[in-house]
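Take the working numbering: the final residue in the sequence shown is number 520, and no numbers are missing along the way. Beta carbons are placed, not taken as given, at the ideal position from N, Cα and C, and that holds for glycine. Below is one structure, written out as structure tokens; comments come after it.
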Amino acid sequence: MKRWTVRVLSAGVGLSLVLQSFGGLGASTRQDRVPLAEIVEKPYLDVLALSEAQAFRASDIEAFRAELRKEKEQKLASLKQEIATLKSQIDEARRKLQELNRRGSRDDPQTAKERREIHCQIQRLRKKLVEKEALERKTIEVSYENKEAKLDLLTRWPPEKKRIEEELRSGRARQRPYGDVEDIGFREVGKGQEKDIKLGEDAIRELRALGLMPPEFKDEEVEAYIRNLAEYIARNSDLRVPVKTQLLLTDEVNAFALPGGFLFINTGLILEAETEGELAGVIAHEIAHAAARHSARLMKRATIASILYQAAQIAAYIATGGVVSLLTYYLLEYGFAGLGLVIELKLLGVSREFELEADQLGAQYLWKSGYDPRSFITFFDKMASKEGYARGTSFFRTHPAFADRIIHSFREFAFLPPREEYVTDSEEFHRIKERLRKLAQEAMEKQKEQERKRPRLRKEETCPEDEPPKSPSPTTDAGRRVQGCLARVERNGLPIPGAVRRREREIFG
């Protein structure tokens, strides 16, 4: 298989890798100074290079930061007004229903038609409301957090670089946590990994029973490629249990690892990656979560009953037809790559060190596997900067601030022993990606057709959509899933809060 590599020109310390920007930025003069408004739109690698090539006054940075925050608040205020307008329109539609009900005890054909039109209007408005409340707000927040992180790098990286150089000169680089990178595979990172297999199997069973897991994608050739890539990275990691991969048919950009080496990768993530290195970066990050036993350490703090209870609460907030899947909503709202889907991390108090640790270990596993360790950051940067980020991806909505994660990652890149070249891409990746694009679209169309033909207890009329969805949602029958979650909660002896019941009736009638 042909693979493409990037050659590291300097044979010196790993710090050269960090500053080897794709843009080839050099020293700047006053005439070619890059404005801050342009810098925050550039990739992180270019921002770090600019922090070396161009001096920035703290007062200028803070003034621009204030402008960004003002702009963000204006967008959030505008969004708040849009949400208020949608709620008002829903209330007005309900008043029209009340007027219809006052006409008589039974509907004549004209009244029935009017009622159906109002029902469809309310359904469309609800979908828009959920979309704006759950997704567009995240898009704004993530976009501006990403821009502020780049401003932070301009001031934080130069002194950090000096500290790194001093640690390298003094021979203290290996004294950092997990500094023994030459011993990957022989050191002890997550003791007791073999005990996690049953925990992972139980979690998978519950997720599927609750309808929180998108359908599997099956194709021997695509599955073999992903399996081989994951197993290769796992062999160059601290994971001591076999990695088991599964592809999920959804265009959401996400991947997650459950205890015991179970790795789930969405088809949408593979299609979003531009190179094999980016895909390898995501896989390495998730293998790091599994190797360090992050999900197992968190899941032990939550009972199955509490997980079911949370599932019911979240499910009751999803509109019929699914603007967003339950899995995505969990990850957007609670934000832990690979675990937020079933545990309310706001209550459990997830440690920011888990995510930083996975960033560090993931970079090390990429390096050990021969991939450019910056690949994960390039994917991170692209997704966090992309328009509509929160709508389609949930992978990086995590607790540590962007700036902390970037600085932490680039520190690790600088400490890694240098290599002459790194793998960045392969022909096979692009061949598999094109095959997946075609097959996934066909599978989604087939799934959509099966959903239309699924037997129902009563005839259901469909409403015309303003815009057809890009792909069928994994939770098209959200009402059925809500009822299943609530029934399981009751069987576990937990009361159903009135607010959840009211929201359920409000959405599903």
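DSSP state of residue 266 mapped onto helix, strand, coil: strand
Cα-Cα separation, residue 379 to residue 288: 13 angstroms
Element boundaries [beta strand (DSSP E), containing residue 437]: 432-437
Cβ neighbours of residue 198 in the same chain (closer than 6 angstroms, five flanking residues each side left out): 191
Other residues of its chain near residue 428: CB distance less than 6 angstroms, five sequence neighbours each side excluded: none
Per-residue DSSP class, three states only, for residue 103: helix
Delimiting residues of the alpha helix (DSSP H) encompassing residue 218: 207-220
Alpha-carbon spacing of residue 254 relative to residue 47, whole angstroms: 44 angstroms
At least 3 beta-carbon pairs within less than 8 angstroms: the region 214-228 vs the region 258-270: yes
CB contact flag (residue 294, residue 367, <8 angstroms): no
Span of the alpha helix (DSSP H) around residue 255: From DSSP, residue 255 is part of no alpha helix (DSSP H) but of the beta strand (DSSP E) over 255-259.
For residue 195, three-class secondary structure by DSSP: coil
6 angstroms Cβ shell around residue 107 - same chain, five flanking residues per side excluded: 129
Which of helix, strand or coil DSSP assigns to residue 2: Because the chain is modelled from 12 through 520, residue 2 falls outside the range shown and cannot be assessed.
Classification of residue 157 by the beta-carbon crowding that lies within 10 angstroms, buried from 16 upward: buried
Coil, strand or helix - residue 112 by DSSP: helix
Best match in 385, 462 and 284 for proximity to residue 56 [C-alpha to C-alpha]: 385
Cβ-Cβ separation, residue 391 to residue 377 (assumed contact under 8 angstroms), whole Å: About 13 angstroms; that fails the 8 angstroms criterion.
C-alpha gap between residue 97 and residue 91, whole angstroms: 10 angstroms
Between the CA atoms of residue 389 and residue 80 - distance to the nearest angstrom: 25 angstroms
Top-ranked residue by Cα proximity to residue 418, from 216, 307, 270 and 371: 371
Whole-angstrom distance between residue 306 and residue 296, CA atom to CA atom: 13 angstroms
Residue 374 beta carbon less than 8 angstroms from that of residue 423: yes
Pairwise C-alpha distance: residue 447 and residue 566: Only positions 12 to 520 of the chain appear in this structure, which leaves residue 566 out of reach.
DSSP-derived helix/strand/coil call for residue 157: helix
Proximity winner among 393, 169, 421 and 235, relative to residue 61 (alpha-carbon distances): 169
Strand pairing of residue 227, partner residues [DSSP]: 259
Nearest-angstrom beta carbon gap, residue 215 and residue 273 [assumed within contact, 8 angstroms]: 6 angstroms
Candidates 439, 459, 458 and 161, of which the one nearest residue 232 by Cα: 439
Supposed close pair residue 249, residue 201 - CB separation, criterion 8 angstroms: 7 angstroms
Three-way DSSP call (helix, strand, coil) for residue 490 in this model: Note that residue 490 has pLDDT 49, beneath the 50 cutoff, so the model's placement of it is unreliable and no number is given.
Residue interval of the alpha helix (DSSP H) (run including residue 424): 413-426
Buried versus exposed, by CB contacts within 10 Å (16 or more), residue 36: For residue 36, the predicted structure reports a pLDDT of 39, less than 50, and the residue's modelled location is therefore unreliable. A value from the coordinates is still provided. It is buried - the Cβ of residue 36 has at least 16 other Cβ atoms within 10 Å.
C-beta contact flag for residue 95 and residue 136 at 8 angstroms: no
Residues of its chain near residue 365, where Cβ-Cβ distance is below 7 angstroms and the 5 sequence neighbours each way are ignored: 305
In DSSP terms, what residue 273 is bridged to: 255 and 269
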